[in-house]
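When you line the sequence shown up against the numbering used here, it's residues 9 to 357, in that order.
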Amino acid sequence: MSVRSVLARWRQSLLVLSALGLSALAAAPAQAGTTVDTIRKRGQLVCGVSQGSAGLSLADGQGRWSGLDVDFCRALAAAVLGNADKVRYVPLSSQQRFPALQSGEIDVLNRNTTVTSGRDAGLGVTAAAIVFYDGQGFMVPKKLGVSSARQLDGAQVCVQPGTNNEQNLVDWFSTHKLKYRSVVIENLVELEKAFYSGRCDVYLSDASTLAASRSARAGNPDDYVILPERVNKSPLAPWVRDSDTNWIDIVRWTVHAVVAAEELGISSANVDSFLTSKDPQVRRLLGVDPGIGKSFQLDERWAYNVLKAVGNYGEIWDRNVGPKTPLKLERGLNALWNKGGLLYAPPFQ
Ligand SMILES: N[C@@H](CCC(=O)N[C@@H](CS)C(=O)NCC(=O)O)C(=O)O
C-alpha cells in the first residue's frame, strides 16, 4: 500500500471517528444545568418534605409549612437565593421520596430520612449532613400495661412501607425471639388512625415522629407511652443527588453553618453585631472577609442570609421540637460536641 493510500485511509478513519464523536454528542441529553442554576432560574427551591409530621414538616390551614426539616429548606433558599421564603414544598410518602429526588422533581429531600448504607450506596443519592440524631422506638397505649418492648410478644405493629422501620421491626423481633404481626399502611394519616383506634397495639417509628404524632393526633397524649428501647440509630439527613457535588457541598455546609453559629454565639437576633467582629472565623463565615461564598459559587453573604432568616441550630431546635414545643424534646445527642452532644462543624476556612 502506498504512503498516499495509507494517509487517505487514516484521514477517512479520522473523519468517521469525528462524525461518530459528533453524533454521540448529539445523542447525549443536553447537559443539564447544576441544581443551583436550576434553582436560580426558577427563583425557587423545590424541597421534598413529609405529608405532615409536627415539628419536622407540617403545613397549617393556610398551607404554611413549618418544622425542623422545613427550616433547612428555608436555610437553603436563603443560601442560594437570599430569601428563605422562596421554597415550594412537595409532600411525599415514604415510598415516593427517593424516586422524587432521583427524577429531579425536587432539589433536596428534607423528610425525616434516615442515613443507611443501602440508600447512600445504592440509590444514586447522598446524605449531605446529619441534622437530627434520632432513634427508632415503639409507642403503645398505656392501658396495655407494657413498660418494655420485650413484653410485646404477639403484638400487632403498625408500620409504613418504604421506611427502614420495616427492616428494624423484623430485626428486633427476631433478635429477641418474639412473635409479631405487621400492619403495613402507606398513608400516614390512615396509619395513625389505625393505631389510635386500636387496630394495632404498637406504632414503630423514629422517636421524634412518635412524639409528634402523639402530641398532634392522639385524643389524649397522656394515654400513650414511648417505650425506652431504641431499635436502631436513626440519623436524619437532607438528601441530594450524587451527580451534583457543588450542591452536595452547599447543603452540607449550610448545616455546618448553623451549627458553627451556635458554637460562636451567633443568632438571628445578634448576627448584625457580628459583622464588625475581629474573630477571623466569624469574619469568614459571615462573608466579611470574602472567599467562602465564592468557593461554593454563592453570594459572600450566604451564611449571613441563612442565620438572619432561620437562626442557629439551637434556635431551629427550640422553635420546632424543643422543650417549649408540644414535642418537648431535650437536645441529648443533638447538643453541640462541647456540651455533651454530637454536633460538630468542621472549620470554615
Ligand atoms: N426515618 C425513617 C422513617 C421515615 C418515615 O417515613 N416515617 C413515617 C412515619 S412511620 C413518616 O414520617 N411518614 C410521613 C409521610 O408519609 O408523609 C426512614 O427514613 O425510613
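Backbone N, C-alpha and C fix where the C-beta goes; we use that ideal spot for every residue, glycine too. Small disclaimer: the values here were computed from a predicted structure and weren't measured.
Discussion item. Applying the 10 Å Cβ sphere with the 16-neighbour rule, what's the burial state of PRO107?
Written reply: exposed
Item to complete: State the Cα-Cα distance for the pair ASP257 and ARG249, rounded to the nearest angstrom.
Response: 12 Å
Fill in: Spatial distance of SER5 from PRO236 (CA atoms)
Because the chain in this structure spans residues 9 to 357, residue 5 falls outside the shown range and cannot be described.
Fill in: Best match in SER303, ASN313, LYS286, ASP297 for proximity to VAL279 [C-alpha to C-alpha]
ASN313
Practice prompt. Could I get the ranges of all uninterrupted beta strand (DSSP E) runs contained in the stretch 212-245, with 3 residues as the minimum, in chain order?
Written response: 232-234, 240-244
Discussion item. Could you give the first and the last residue of the continuous beta strand (DSSP E) run that contains ASP362?
Written reply: The requested residue 362 does not occur in the structure, where the chain is confined to residues 9 to 357.
Discussion item. Below 8 Å on the Cβ atoms is my contact criterion, and I expect TYR321 with VAL267 to pass it. Report the Cβ-Cβ distance as a whole number of Å.
Written reply: 5 Å
Worksheet entry | LEU299 - DSSP class collapsed to helix/strand/coil | For the record, residue 299 in the displayed sequence is Gly; it is not Leu. Reduced to three states, the DSSP call for GLY299 is coil.
Worksheet entry | Separation of GLN164 from LEU344, as counted between CA atoms | In a straight line, the C-alpha of LEU344 is about 38 Å away from that of GLN164.
Discussion item. For THR253, report the span of its beta strand (DSSP E) as first-last.
Written reply: Where THR253 is concerned, there is no enclosing beta strand (DSSP E), although the alpha helix (DSSP H) it sits in stretches over 253-272.
Worksheet item: Should SER102 be counted as a contact of ligand 1 given a C-beta to heavy atom distance under 7 Å?
Response: yes
Worksheet item: Of all the options PHE304, ALA265, LEU306, LEU117, which has the alpha carbon lying nearest to the alpha carbon of GLN59?
Response: Per the Cα distances, LEU117.
Worksheet entry | Candidates GLY319, ALA311, GLY349, of which the one nearest PHE356 by Cα | ALA311
Worksheet item: How would you call VAL95, buried or exposed, if buried means at least 16 neighbouring beta carbons within 10 angstroms?
Response: buried
Discussion item. Quick check on VAL178: buried or exposed, where buried means 16 or more other Cβ atoms within 10 Å of its Cβ?
Written reply: exposed
Item to complete: Enumerate in chain order the residues of its own chain whose CB-to-CB distance from THR262 is below 7 Å, with the five nearest sequence positions on each side excluded.
Response: ALA83, LEU84, ALA87, VAL314
Discussion item. Suppose contacts are defined by Cβ-Cβ distances below 8 Å. Is TYR188 in contact with MET147 by that definition?
Written reply: no
Worksheet item: Which of helix, strand or coil does DSSP assign to PRO107?
Response: Under the three-state reduction of DSSP output, PRO107 falls in the helix class.
Worksheet entry | the stretch 239-255 in contact with the stretch 133-143 per 3-pair CB rule at 8 Å | Between the stretch 239-255 and the stretch 133-143 there are three or more inter-stretch CB-CB distances shorter than 8 Å, so the stretches are counted as touching.
Worksheet item: Based on Cα-Cα distance, which residue from VAL57, GLU113, ASP161, ARG292 lies nearest to ASP79?
Response: Taking ASP79 as reference, the option from VAL57, GLU113, ASP161, ARG292 with the minimal CA-CA separation is VAL57.
Worksheet item: Cβ of THR134 within 7 Å of any heavy atom in ligand 1?
Response: no
Worksheet item: Just the Cα atoms here: how many angstroms apart are ARG207 and ASP230?
Response: 19 Å
Fill in: For LEU76 and ILE324, believed in contact at Cβ under 8 Å, the rounded distance
6 Å
Practice prompt. Within its chain, find whatever has a CB closer than 7 Å to the CB of ALA202; leave out the 5 residues flanking it on each side and keep chain order.
Written response: CYS166, VAL191, ILE193, CYS208
Worksheet item: Hey, quick one: how far does the alpha helix (DSSP H) through CYS55 stretch, first residue to last?
Response: Taken as a continuous stretch (DSSP letters only), CYS55 belongs to no alpha helix (DSSP H), being part of the beta strand (DSSP E) at 53-57.
Worksheet item: In angstroms, rounded to a whole number, what distance separates the CA positions of PRO370 and LEU196?
Response: Look at the range of the chain in this structure, 9 to 357, and you will see that residue 370 is not part of it.
Discussion item. Closer than 7 Å to a non-hydrogen atom of ligand 1 - does that hold for the CB of LEU244?
Written reply: yes
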